[in-house]
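Same order as they appear, the protein sequences are chains C and V. So for the first sequence, our numbering puts the first residue at 0; every next one is plus one. So for the second sequence, our numbering puts the first residue at 3; every next one is plus one. We treat Cβ as the ideally placed atom computed from N, Cα and C, and that holds for glycine.
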Amino acid sequence: MSWQRIVMAAAALLLIAGPAGAQSVLRIGLNDDPDALDPTISRAYTGRLVFAGLCDKLFDVTPDLKIVPQLATGYEWAADGLSIVIKLRPGVKFQDGEPMNAEAVRFNIERHLNTPGSFRKSEIGEIKSVDVVDDLTVRFHLSKPLVPLLAALTDRAGMMISPKAAKALGDKFTTKPVCAGPFKFVERVAQGKIVLERFPDYWNKASIHLDRVEFVPITDSASRVASLRSGDLQMIERVSPSDLAQLRADSRLRVAGVAELGYQQIPLNVANGPKSKTFADFRVRQALDLAIDRETIIKTVFNGEYIPGNQFVSPSSPYYDTKVPVRKRDVARAKQLLREAGQPALSFTLIVPPERDRQEAALIIQSMLAEAGITMTIQTQENVTMLQAGRRGDFEAYFTFWSGRPDPDGNIFTFTTCNGAQNDSHYCNPEVDTLLTKARETPSPAERKKLYDRATEIMVREVPRILLWHRRVFTGYSARVRGFTPYPDGIIRLQGLKLE
Amino acid sequence: MRLWLYVLQRLVVLVPTLLCVSLFTFGLQQLLPGDAALALAGEEHDPAVVAAIRARYHLDQPMPVQYGIWIGNILRGDFGESLRNRIPVAELIASKLPVTIELALCSMLIGLLIGIPAGIVSAARRGTPLDVGANFLALSGLSVPHFWLGIMLILLFAVRLGWLPASGYVPPWESLGRNLTTIALPSFVLGTGVAGVLMRHTRSAMLQTLDADYVRTARAKGVLERVVVLKHALRNALIPVITLGAIEFGRLLSGAVLTEQIFAIPGFGKLLVDGVFNRDYAVVQAVVLVSASLFVLLNLLADVLYFLVNPRLRG
Chain C
0 MSWQRIVMAA AALLLIAGPA GAQSVLRIGL NDDPDALDPT ISRAYTGRLV FAGLCDKLFD
60 VTPDLKIVPQ LATGYEWAAD GLSIVIKLRP GVKFQDGEPM NAEAVRFNIE RHLNTPGSFR
120 KSEIGEIKSV DVVDDLTVRF HLSKPLVPLL AALTDRAGMM ISPKAAKALG DKFTTKPVCA
180 GPFKFVERVA QGKIVLERFP DYWNKASIHL DRVEFVPITD SASRVASLRS GDLQMIERVS
240 PSDLAQLRAD SRLRVAGVAE LGYQQIPLNV ANGPKSKTFA DFRVRQALDL AIDRETIIKT
300 VFNGEYIPGN QFVSPSSPYY DTKVPVRKRD VARAKQLLRE AGQPALSFTL IVPPERDRQE
360 AALIIQSMLA EAGITMTIQT QENVTMLQAG RRGDFEAYFT FWSGRPDPDG NIFTFTTCNG
420 AQNDSHYCNP EVDTLLTKAR ETPSPAERKK LYDRATEIMV REVPRILLWH RRVFTGYSAR
480 VRGFTPYPDG IIRLQGLKLE
Chain V
3 MRLWLYVLQR LVVLVPTLLC VSLFTFGLQQ LLPGDAALAL AGEEHDPAVV AAIRARYHLD
63 QPMPVQYGIW IGNILRGDFG ESLRNRIPVA ELIASKLPVT IELALCSMLI GLLIGIPAGI
123 VSAARRGTPL DVGANFLALS GLSVPHFWLG IMLILLFAVR LGWLPASGYV PPWESLGRNL
183 TTIALPSFVL GTGVAGVLMR HTRSAMLQTL DADYVRTARA KGVLERVVVL KHALRNALIP
243 VITLGAIEFG RLLSGAVLTE QIFAIPGFGK LLVDGVFNRD YAVVQAVVLV SASLFVLLNL
303 LADVLYFLVN PRLRG
């Protein structure tokens with residue numbers, strides 16, 4: 000074959016490689032490859048983006064964090080708060096044609112509770128037993144009243160998988176997941192893509208306008224953005240603030256951002272072992288808090304895209320206590336507090352993981368503290384090692400974050416109650432424990448808000464951890480995508496999405 | 003020495019080599035900071051969950067026992083399952099290896115097509131602007147970082163011109179045309195690096211042979227310069243280049259980490275990096291072991307080729 004023929008053959012091949020048919024295919028870029036596609040053992044954030052297509056949940060949250068029914072139609076707490084009755088939506092089918100009924104809900108909850116290594120057990124572990132009242136009604140019995148349980152059911156704990164498929168596949172369920180969501184599983188190429196296609200018998204099929212959804216993990220942020228700009232992808236999740244200018248400059252693209260559920264924080268060692276001497280006095284902790292200028296950090300490191308914070312929920316949350324807003328920096332007051340506490344020349348070590356955002360912020364904090372006479376040494380330590388040090392009490396202060404939960408309880412209870420699993424500070428105030436426990440048992444949002452406000456006011460005074468800022472979750476998407484609403488959890492809901 | 007004897011000898015040496023590699027990868031993994039079970043548990047702090055993870059992956063056993071379990075399973079052909087997504091590691095490797103082999107072959111092809119002719123031309127036209135130009139290109143191929151070149155090519159061909167996809171991979175059995183478009187840019191990025199190495203070595207080997215007595219004799223006999231260069235000199239000059247080519251190919255097969263990352267090619271390199279970041283011991287150990295085996299086997303192949311091409315070794 001002559002070389003001309005080879006070139007022609009190659010050109011012909013390239014021509015065949017034209018765009019796919021008239022199917023409406025949405026390709027979403029993920030920041031990393033999801034872990035196991037099984038709601039019981041899934042942990043990675045990116046997995047939740049895939050589940051949004053695959054698995055419906057008993058409840059969902061609205062963009063303003065109200066809980067609304069999805070596979071359920073309603074619920075009612077018992078007067079003593081020790082049981083809850085959930086009504087199920089009639090006529091819902093799993094993607095293998097099996098009925099989604101009360102028996103299936105019981106199977107799923109028991110699977111979450113009993114599977115070894117289940118990541119859901121700690122979210123819904125208070126469920127003692129599940130009664131099937133009738134085909135479309137279940138009752139959960141709780142070991143103690145727990146209002147935040149409902150919020151847990153808006154995430155993976157509330158996802159229902161087909162009991163038949165679960166029994167048939169056992170440990171291998173993750174290779175071919177079957178749920179009751181709008182799209183069913185087609186294939187997964189590890190590190191390559193996850194493909195879903197429209198499930199024709201979806202209970203809410205009128206809201207679905209796409210034929211296929213492909214999730215493509217691209218770890219490199221520059222090439223993720225390039226893939227969106229070139230049209231290979233139509234949406235990308237969690238866009239980094241440094242990429243925003245590029246996306247906003249492109250008229251064919253859109254960017255939407257909302258305050259995240261979580262926060263960036265510096266836990267201080269208040270009473271966890273010998274390293275707790277530095278921050279045992281709350282005035283020292285207050286001084287630290289006052290010496291930091293959050294606005295400046297956000298302007299310099301994050302182009303002003305993030306939101307300064309001082310509480311366990313962001314200022315846009317209905318649970319934010321407006322009576323104690325972020326305080327202005329006050330170096331003179333900080334110095335005075337240090338003198339009163341007898342530690343005018345405070346020095347301590349902050350552990351920071353090797354990650355750009357926190358490293359840069361730590362440098363700025365270091366120089367801000369220096370102006371208040373505080374010497375802060377930055378010790379870089381890999382993330383998991385840092386968290387281990389936190390648990391052991393081998394720290395004075397460390398720089399971490401919490402991804403956040405839709406119910407406020409998930410952002411505070413385990414961090415600040417005396418025996419809280421994530422209370423690395425070993426901060427303990429019985430009054431706070433009482434308030435937060437009461438809030439867990441109080442269904443009325445207005446009543447809960449009052450309890451959380453009182454806890455917040457104590458936190459702001461006693462500062463067991465310094466809350467710094469809330470990121471905004473940005474989603475980048477093609478102007479061809481219509482009907483997109485951003486949610487604070489950053490999860491892309493496929494209902495209502497259209498491709499023009 | 004007979005060829006088969008030689009190969010047999012080399013294969014026997016392979017066993018302790020791979021054993022060392024396995025010990026080394028296993029040991030290095032254990033030195034990584036951070037507890038794998040905690041890394042897997044993430045924001046989960048329930049000790050029962052962490053304990054369940056430890057038990058499932060034998061992380062609660064002493065290190066020698068862990069190594070014994072691991073190596074014993076591998077000898078039975080069981081590479082274990084990914085700690086992160088619970089997909090069997092053998093399956094992961096089987097699905098990534100063809101991708102990496104294709105990428106390596108395409109890159110090698112590009113490297114050969116650019117590198118060898120450029121090396122010949124620059125040696126035959128030593129000191130001319132052609133030589134300087136070829137040297138410049140070779141040095142650029144060697145020194146331009148792959149991730150930078152990759153991003154620039156994506157911006158040009160995918161974002162600006164829209165001719166090629168920016169990232170992703172389509173297997174050839176799904177659509178050969180789309181497969182070639184997805185593999186073109188990464189192959190080019192890797193190929194230029196290989197071309198640089200090959201060009202430099204071809205050039206220096208050619209310069210040596212062109213100065214040899216037999217070449218002078220050929221010229222004196224009035225043989226055409228083209229024939230002198232391509233027939234008399236090139237053949238001998240290619241012997242070291244073959245060895246080098248095999249080593250380069252082995253390097254490409256062990257996964258082009260950055261390039262695969264940038265173009266989101268689901269190959270060996272990406273599997274390895276994701277494995278490291280997620281503390282996915284099972285995946286990392288298996289990938290390193292398989293890469294090392296491939297590398298050793300390719301070296302053996304190069305030696306066999308060398309043996310065949312170079313009559314002096316046959317004795």
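Helix, strand or coil at residue i according to DSSP, with G and I counted as helix
| i | result |
| --- | --- |
| V:E83 | strand |
| V:S189 | helix |
| C:D170 | helix |
| C:H425 | coil |
| C:G17 | Residue placement at C:G17 is flagged as unreliable, the pLDDT there being 41, under the threshold of 50; the coordinate-derived value follows with that caveat. C:G17: coil per DSSP, three-state reduction. |
| C:Y318 | coil |
| C:I265 | strand |
| C:I491 | coil |
| C:G191 | coil |
| C:W401 | strand |
| C:M375 | strand |
| C:Y305 | coil |
| C:L502 | Residue 502 of chain C lies beyond the stretch modelled for chain C, which goes from 0 to 499, so this question has no answer here. |
| C:C178 | strand |
| C:T348 | strand |
| V:V278 | helix |
| C:P240 | helix |
| C:G482 | coil |
| C:L475 | What sits at residue 475 of chain C in the sequence shown is Gly, not Leu. Residue state, collapsed to three classes: strand. |
| V:E250 | helix |
C-beta contact flag for residue i and residue j at 8 Å
| i | j | result |
| --- | --- | --- |
| C:N428 | C:I457 | yes |
| C:D55 | C:G191 | no |
| C:A164 | C:D95 | yes |
| V:L260 | V:F149 | yes |
| V:I185 | V:A168 | no |
| C:G73 | C:K86 | yes |
| V:I244 | V:V311 | yes |
| C:L467 | C:A454 | no |
| C:F184 | C:L195 | yes |
| C:M234 | C:V480 | yes |
| C:M99 | C:M158 | no |
| V:G193 | V:I267 | no |
| C:G28 | C:I217 | yes |
| V:L34 | V:I55 | no |
| C:R328 | C:P307 | no |
Using 8 Å as the Cβ pair cut-off and three pairs as the minimum, do the stretch 295–303 of chain C and the stretch 251–264 of chain C touch?
-> Look at the beta carbons and you see the stretch 295–303 of chain C not touching the stretch 251–264 of chain C: under three pairs across the two are nearer than 8 Å.
Listed in chain order, which residues of the stretch 161–183 of chain C have Cβ atoms closer than 9 Å to some Cβ of chain V?
-> D170, K171, T173 and T174
Residues in the stretch 231–262 of chain C with C-beta within 7 Å of chain V's C-beta atoms, listed in sequence order?
-> Residues are counted here when their Cβ sits less than 7 Å from a Cβ of chain V; for the stretch 231–262 of chain C these are D231, given in chain order.
Which whole runs of the beta strand (DSSP E) in the stretch 36–113 of chain C are 3 residues long or more, in chain order?
-> 58–60, 66–68, 71–76 and 82–87, all fully within the stretch 36–113 of chain C.
Where are the alpha helix (DSSP H) runs, 4 residues long or more, that stay fully inside the stretch 44–107 of chain V, in chain order?
-> 49–58 and 65–77
Pull out every residue of the stretch 355–386 of chain C whose Cβ sits closer than 9 Å to any Cβ of chain V, in chain order.
-> Closer than 9 Å at the C-beta level to chain V, one finds these residues of the stretch 355–386 of chain C: Q380, E381, N382, V383, T384, M385 and L386.
For the stretch 319–334 of chain C against the stretch 241–255 of chain C, are there 3 or more C-beta pairs whose distance is under 8 Å?
-> no
Taking the runs of the beta strand (DSSP E) that are 3 residues or longer, which of them lie wholly in the stretch 108–182 of chain V?
-> The qualifying runs do not exist here; there are none.
For the stretch 85–104 of chain V against the stretch 264–281 of chain V, are there 3 or more C-beta pairs whose distance is under 8 Å?
-> The count of Cβ pairs closer than 8 Å, one atom from the stretch 85–104 of chain V and one from the stretch 264–281 of chain V, reaches three, so the stretches are in contact.
Touching or not, the stretch 169–180 of chain C and the stretch 463–473 of chain C, by the rule of three or more beta carbon pairs under 8 Å?
-> In short, these stretches do not touch, since the Cβ pair count stays below three.
Name the residues in the stretch 166–190 of chain V whose C-beta lies less than 7 Å from a C-beta of chain C; which are they?
-> P167, A168, S169, G170, Y171, S177, L178, G179, R180, L182 and T183
Residues of the stretch 265–297 of chain V with a CB closer than 9 Å to any CB of chain C: list them in chain order, please.
-> Only those residues of the stretch 265–297 of chain V whose C-beta falls short of 9 Å from the nearest C-beta of chain C are listed: F265, A266, I267, P268, G269, K272, L273, V275, D276, F279, N280 and R281.
At a cut of 8 Å, does the stretch 224–233 of chain C reach the stretch 76–92 of chain C through at least three beta carbon pairs?
-> Result no; under three Cβ-Cβ pairs closer than 8 Å.
Along the stretch 81–94 of chain V, what residues have a CB closer than 7 Å to any CB found in chain C?
-> R86, N87, R88, I89 and L94
Residues of the stretch 109–128 of chain V with Cβ closer than 7 Å to any Cβ of chain C, in chain order = none
Just by C-beta distance, which residues in the stretch 22–37 of chain C are closer than 9 Å to chain V?
-> R26, G28, D31, D32, P33, D34, A35, L36 and D37
Given a limit of 8 Å on CB to CB distance, which residues of the stretch 152–163 of chain V reach chain C?
-> G152, I153, I156, L157, A160 and V161
Contact the stretch 99–117 of chain C vs the stretch 398–409 of chain C: 3+ CB pairs below 8 Å | no
Count the CB pairs spanning the stretch 300–309 of chain V and the stretch 231–247 of chain V that are closer than 8 Å, and state whether there are at least three.
-> Yes: the two stretches touch, three or more of their Cβ pairs being nearer than 8 Å.
Please determine if the stretch 371–380 of chain C and the stretch 344–352 of chain C are in contact, where contact requires at least 3 C-beta pairs separated by less than 8 Å.
-> yes
When you check each C-beta in the stretch 185–213 of chain C against every C-beta of chain V, which residues fall closer than 7 Å?
-> V188, A189, Q190 and G191
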